[in-house]
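Number of protein chains: 2
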Amino acid sequence: MRRPGGGPLPRPRPTLADVAAAAKVSVSTASLAFSGAGPIAAATRQRVLDAAVELDYAGPNPLGRQLRRGRSGIVGVVVGDALKRSFRDPVSVQVLDGLVGTLGSLGLGVLLIPGPSDPTEPPVDPLVESAAMDVAVLMWGGTTDDPTLTALQRRGIPTVVVEGRQQEGVTTVGIDDRQGMTEATQHLLGLGHERIAVVTLPFDRARRDGLVDDDRLSQIDWEITRRRLAGVTDAGVTPQAIYETPASLVEHGKTAGFALLSGDVRPTAVVCQSDLLASGVVLAARELGLRVPEDVSVAGFDGLDLPWLAPDVLTSVVQPLAEKGAAVGHAVEDLLAGEAPPYRELGVTLRLGTTTGPAPA
Amino acid sequence: MRRPGGGPLPRPRPTLADVAAAAKVSVSTASLAFSGAGPIAAATRQRVLDAAVELDYAGPNPLGRQLRRGRSGIVGVVVGDALKRSFRDPVSVQVLDGLVGTLGSLGLGVLLIPGPSDPTEPPVDPLVESAAMDVAVLMWGGTTDDPTLTALQRRGIPTVVVEGRQQEGVTTVGIDDRQGMTEATQHLLGLGHERIAVVTLPFDRARRDGLVDDDRLSQIDWEITRRRLAGVTDAGVTPQAIYETPASLVEHGKTAGFALLSGDVRPTAVVCQSDLLASGVVLAARELGLRVPEDVSVAGFDGLDLPWLAPDVLTSVVQPLAEKGAAVGHAVEDLLAGEAPPYRELGVTLRLGTTTGPAPA
DNA sequence: GTGAAAGCGCTAACAA
DNA sequence: TTGTTAGCGCTTTCAC
C-alpha cells in the first residue's frame with residue numbers, strides 16, 4: 001500500500017500529444033475529437049478515441065484547458081460563517097443546493113470558501129485572494145466595506161451578493177423581506193398584539209448575544225438584519241424589546257426566548273428574523289410553561305419545514321430558497337457572459353401557522 | 001450597470017510580464033517577488049510590488065501557476081447525496097468542517113461535488129470526470145464497484161474514502177463503528193432487553209424505506225450499514241426486526257419508529273445506526289404515547305447534540321466528527337506528498353443518555 | 001541576485 | 001477536414 005521505495009512508480013500521465021501521436025493525427029485534431037468543437041471525420045475521431053483508451057488517457061488535462069481558455073469553470077462561494085455553523089442553517093443549505101444544481105448544469109463547479117467567523121481571525125480567507133475562480137458568490141454578503149468583496153474586486157472577479165446592499169459594480173440577488181416582515185407584523189397587529197418583541201440576526205461581525213440598546217441599534221452592519229427590522233417598524237410598531245443573536249440557530253433563539261419571556265411585562269408576540277430563531281423561542285416558551293399561541297404568539301421568517309416543532313406549524317414569511325439559489329446561478333451565468341445583470345428580487349409570502357393567535361386579554 | 005454596448009470595456013488584466021516590465025526586471029525576478037521562493041534583494045522586491053500596485057495587479061494568475069506546477073490546489077469532495085439532503089445531516093457537515101479547516105491550513109480549496117442521489121440520475125457527476133483536482137475525497141464512499149471511484153482511478157486521481165471498505169489503491173479513513181455498536185447493544189442486553197429492533201442507514205443506492213426481509217438483507221452494498229449491523233449481531237443479538245431507511249434524517253426515523261412501535265409485539269429497545277434516525281424514533285414513540293425509556297429504549301450513533309430532544313439526551317455511540325475530518329485532511333496531505341497512507345481508524349465511545357433504561361417487565 | 005529560456009497541456013486562428 | 005503555429009501566464013532550472 002505504501003510506495004516510497006517499493007511499488008510501481010506512477011508513470012507520467014499521457015498527454016493529448018501522446019494520443020495524437022498514437023493516432024497519427026495532429027494535436028489540434030485530437031483536441032477536436034474530445035471537445036467536439038469543430039469538424040472532424042467520424043473515423044478520425046474514433047481513431048483518436050481508440051488511441052486514448054489504448055494509452056489510458058482519461059481526457060484533456062483541465063489545467064491546460066483552463067489556462068488556454070482563461071477560465072477555470074469554478075465559482076467561489078463564500079458562505080457567511082464557518083461551515084459548521086453556516087450549514088446548520090437549512091436556509092444556507094437550501095440556497096446552496098439550488099445554486100449547485102444550476103451551476104452544475106452549466107458545467108461549473110463550486111469552490112467552498114469559509115466566511116469570516118471569529119472577529120479574531122483574519123477577515124479574508126486566503127482562497128479569496130488566490131484561488132482560481134471565474135465568479136464569486138457571497139452568500140450572506142453585505143457589510144459595509146466588506147473586506148472579502150474588496151479583495152474580489154481588486155482581483156477583478158465579478159461577484160454576486162446574496163441579500164446584500166445594492167451597490168455599484170456588484171450584482172445582487174435578494175428577496176422582498178422588508179415587505180414580508182411588514183405583513184407578518186400587520187398580521188400580529190390585526191390579532192390585537194401591542195407588546196411585540198423582535199429577535200434579530202447578527203448586527204455585524206461581532207455577533208453579540210443580548211438585548212439591544214439604542215447605541216447598538218445604530219450599529220447594524222448587515223443589510224439583511226437592518227431590512228427585516230425596518231419591515232417591522234414599517235408596520236408602525238415600536239418593538240417592546242429587540243434581542244440580537246450571534247447566529248441563526250435554535251439555541252440562540254431559545255436563549256433569546258428565555259430572556260424576553262421571563263420578564264415582568266412579557267411581550268404578547270415575538271417576531272423573529274429567522275425560523276430557527278423562532279423555533280427556539282417556541283421551545284423556550286414551552287419550557288417556561290407558556291402556551292403558544294394563547295400566551296404568546298411567535299412568528300418567523302424563511303418558511304422552513306420544522307417537523308420536530310409538531311404539532312405546531314410556525315407562522316412564517318416564506319421565501320423561495322431553492323429558487324433563490326437558482327437565481328444566483330443565473331446571475332453567475334450572466335456575469336460569465338459578460339453582462340452585469342440587474343438586481344433580482346424574489347417575492348415572499350406569509351404562511352399562517354398555529355403559533356400566532358389573538359393577543360391575550 | 002449593463003455593459004453590452006455601453007460602459008467601460010474591461011481592459012485585460014495585467015500579467016506578471018507587465019509588472020516585470022514596469023519594474024524593469026525580468027519576469028523570473030518578478031515571480032520571485034511574489035512567491036518568495038528564491039533569493040531576491042529587498043529593494044528589487046519592493047520595486048516589483050510597487051509596480052504591481054501601480055498597475056493594479058492582484059498577484060499571479062492561479063491558472064498559469066497551476067499549469068506550470070501541475071497542481072490545482074483543489075480537493076474534490078464528493079458528498080454522499082444531493083447537497084440538500086447530505087447537509088441536513090450534521091454528521092456530514094461536521095466532518096466537512098473539520099476537513100475544510102485542515103485543508104485550508106494547507107492552502108487547499110474544496111470543490112463540492114454532489115454525490116449520486118436518485119438512482120435514475122447519471123451515477124457520476126460530470127465534475128468527477130473533468131474538474132481539476134489533485135485529490136478526491138468520497139465522503140460516504142464504499143459501494144462495490146463505485147462508479148465515482150472508478151472514474152477517479154481512471155483519471156489517476158488519488159482518493160480518500162471515508163467509511164468505506166479497505167481496498168487496494170485507495171486510502172481509507174474510518175471509525176470503529178462495529179465495536180461501538182456492539183457496546184451499545186451489550187448495554188441494552190445488560191438492561192434486560194430481549195426484543196431489539198434495528199433502524200439502519202440505506203443499504204444501497206436504491207434507498208428503500210421499510211422493513212427488511214432476508215432477501216433484502218443480503219443486498220447491503222454500503223459498507224457502513226453492513227458494519228454497524230454486524231456490530232449488533234456481534235453482541236449475540238438477532239434483531240426482532242430491521243428497518244431500512246432511505247437517508248439519515250429525522251423524518252425517516254419517525255416513519256421507522258411508527259412502523260416498529262405500532263405492532264403487537266413491540267420491541268422493547270430500538271438500536272439506530274444514526275442519531276437523526278434515533279431521534280425520529282423517539283419522536284414517534286412520544287407521539288404514540290410511549291414513554292422513553294420506560295416503555296421503549298432508543299439508542300443512536302454519532303453523538304450529536306440534539307437540543308430539541310430536551311429534556312432527553314440520547315444514548316449514543318459518539319464518534320469524533322471534527323477529528324475524522326482532520327484525519328481525512330491529513331490523509332489528503334500524505335497523498336499529495338506521494339505517500340499512500342495506511343488505513344486510519346478512529347475510536348468511538350458509548351455515551352449513556354436518558355433514552356435507554358431497564359426493559360419493561 | 002538577476003536574467004534568459006524552456007515548457008507545463010491545451011485550444012483556436014489560420015492555412016493548406 | 002486536417003495540420004501548423006502561436007500562445008494562455010506562470011515557475012523553474014541554469015547560466016551569468
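Chains as they are written, first to last, in full-length UniProt numbering: chain A, 1 to 361; chain B, 1 to 361. Using N, Cα and C, we set each Cβ at its ideal position, and we do this for glycine too. No experiment lies behind these values; they were computed from the predicted model shown.
Verify the contact flag: residue i, CB atom, against every heavy atom of the ligand HEM, threshold strictly below 8 Å.
i, result
"T29 of chain A", "In the structure shown, the ligand HEM is absent, as is every other ligand, since no ligand is present at all."
Between residue i and residue j, is the Cβ-Cβ spacing less than 9 Å?
i, j, result
"D204 of chain B", "T143 of chain B", "yes"
"L189 of chain A", "V237 of chain A", "yes"
"D141 of chain A", "T148 of chain A", "Rather than Asp, the amino acid found at residue 141 of chain A in this sequence is Gly. In contact: G141 of chain A and T148 of chain A (Cβ atoms closer than 9 Å)."
"L108 of chain A", "G73 of chain A", "yes"
"I220 of chain B", "Q273 of chain B", "no"
"A331 of chain B", "R344 of chain B", "yes"
"V282 of chain A", "V271 of chain A", "no"
"V348 of chain B", "Q179 of chain B", "yes"
"M139 of chain A", "S218 of chain A", "no"
"F34 of chain B", "L16 of chain B", "yes"
"V91 of chain B", "L309 of chain B", "no"
"L260 of chain B", "A241 of chain B", "yes"
"T185 of chain B", "D334 of chain B", "no"
"T356 of chain A", "L191 of chain A", "yes"
"P12 of chain B", "S31 of chain B", "no"
"L99 of chain A", "V250 of chain A", "no"
"L112 of chain B", "M133 of chain B", "no"
"G231 of chain A", "T182 of chain A", "yes"
"P158 of chain B", "I196 of chain B", "no"
"D97 of chain A", "L83 of chain B", "yes"
"A359 of chain A", "L314 of chain A", "no"
"D209 of chain A", "T268 of chain A", "no"
"P114 of chain A", "V78 of chain A", "yes"
Which chain A residues are close to residue i, counting only those with a beta carbon under 8 Å from its beta carbon?
i, result
"Y13 of chain B", "Note on residue identity: the sequence assigns Arg, not Tyr, to residue 13 of chain B. Within 8 Å Cβ-Cβ: G156."
"R88 of chain B", "P90, V93"
Pull up the DSSP beta-bridge partners for residue i, would you.
i, result
"D302 of chain A", "A:V318"
"I40 of chain B", "Partner(s): none; I40 of chain B has no beta bridge."
"T355 of chain A", "DSSP output for T355 of chain A lists no bridge partner at all."
"E345 of chain B", "B:G174"
"G76 of chain A", "A:L111, A:A136"
"L350 of chain B", "B:V317"
"residue 362 of chain A", "Absent from the model: residue 362 of chain A. The displayed extent of chain A is 1 to 361, so no value can be given."
Going along chain B, which residues have a C-beta under 8 Å from residue i?
i, result
"G64 of chain A", "L67"
Cβ closer than 9 Å: which chain A residues qualify as neighbours of residue i?
i, result
"L96 of chain B", "L83, K84, F87, L112"
Give me the chain B residues within the contact set of residue i, using Cβ-Cβ distance strictly less than 7 Å, ordered along the chain.
i, result
"V100 of chain A", "L83, L112, P114"
Residues of the stretch 246-277 of chain A with Cβ closer than 7 Å to any Cβ of chain B, in chain order: V250, E251
Within the stretch 161-227 of chain A, ranges of the beta strand (DSSP E) (whole runs, at least 3 residues): 171-175, 196-200
Minimum length 4: unbroken alpha helix (DSSP H) runs contained in the stretch 215-286 of chain A: 223-234, 250-261
Residues within the stretch 105-118 of chain B neighbouring chain A, beta-carbon criterion of under 8 Å: G107, G109, V110, L111, L112, I113, P114
Residues of the stretch 119-135 of chain B whose Cβ lies closer than 9 Å to any Cβ of chain A, in chain order: D125, P126, L127, E129, S130, A131, A132, M133
Interface residues of the stretch 298-317 of chain A facing chain B [CB-CB below 7 Å]: P307, W308
Continuous beta strand (DSSP E) assignments of at least 3 residues falling wholly in the stretch 113-164 of chain B: 135-138, 159-162
Residues, ordered as in the chain, of the UniProt domain "HTH lacI-type" (14-69) of chain B that lie near chain A by beta-carbon distance below 7 Å: A58, G59, P62, L63, G64, Q66, L67
Complete alpha helix (DSSP H) runs within the UniProt domain "HTH lacI-type" (14-69) of chain B (minimum length 4 residues, chain order): 16-23, 27-35, 42-55, 62-69
Proximal residues, the stretch 277-292 of chain A versus chain B, C-beta separation under 7 Å: L283
Contact residues within the stretch 208-228 of chain A, judged by C-beta distance below 9 Å to chain B: none
Cβ-based contacts, 7 Å cut-off: residues of the stretch 141-174 of chain B near chain A: R154, R155, G156
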